[in-house]
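Okay, so here's the structure we're looking at.
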Amino acid sequence: MASSSNWPLRSPPSAKASALDKLAGKRVLIVEDEMLVALLIEDFILQLGCEIVGMAMRLEPALDLARTIDIDVAILDINLAGKPSFPVAEILQARGIPFVFASGYGAAGLDGSGISAPVLQKPFDVGDVRRLLTAAL
1 MASSSNWPLR
11 SPPSAKASAL
21 DKLAGKRVLI
31 VEDEMLVALL
41 IEDFILQLGC
51 EIVGMAMRLE
61 PALDLARTID
71 IDVAILDINL
81 AGKPSFPVAE
91 ILQARGIPFV
101 FASGYGAAGL
111 DGSGISAPVL
121 QKPFDVGDVR
131 RLLTAAL
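Read in UniProt numbering, the sequence shown has 8 at position 8, and its numbers run on one by one without any break.
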């Protein structure tokens, strides 16, 4: 009889693996006006196994994408070149699409908006993105 050390060992799925499973294949909209931050978010989203279905750096294109494309979840910078992204959030809410905000101001950036959503505090890493997107879904 073979000893147990010859059998392949399998660990139970970790919370990290479960989060990745939940995110795998999800269609993500990125709305971010800073190119380097947008590229960083894009990299994180791809690491998490998601598909990027749209990216906008200004309010008007973001509004068009929020109205027209199939999205599972979105990441919205609160401030788009001096304009709040709240109208995009309102469209997503009306469509039943979850989203998270990204902001250097934290939750204080939402003051007076009447919108409640998780806030990805800048600077952030792939773990922060994974945690908030998983919670939003």
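Built from N, CA and C at the ideal position, the CB exists for glycine as well.
In this text the structure is predicted, and so the values were computed from the model without any measurement.
Cβ-based burial, residue i [other Cβ within 10 Å; buried from 16]
i	result
residue 55	buried
residue 32	buried
residue 125	exposed
residue 116	exposed
residue 75	buried
residue 65	buried
Residue i - DSSP class collapsed to helix/strand/coil
i	result
residue 80	strand
residue 27	strand
residue 57	coil
residue 101	strand
residue 74	strand
residue 132	helix
residue 120	strand
residue 96	coil
residue 69	coil
residue 138	A question about residue 138 goes unanswered here, because the residues of the chain that appear run from 1 up to 137.
residue 125	coil
Inter-residue spacing [alpha-carbon to alpha-carbon] between residue i and residue j
i	j	result
residue 72	residue 88	14 Å
residue 131	residue 103	16 Å
residue 90	residue 60	14 Å
residue 101	residue 35	16 Å
Paired residues, beta bridge with residue i - DSSP
i	result
residue 52	28
Check whether residue i and residue j have beta carbons under 8 Å apart
i	j	result
residue 40	residue 23	no
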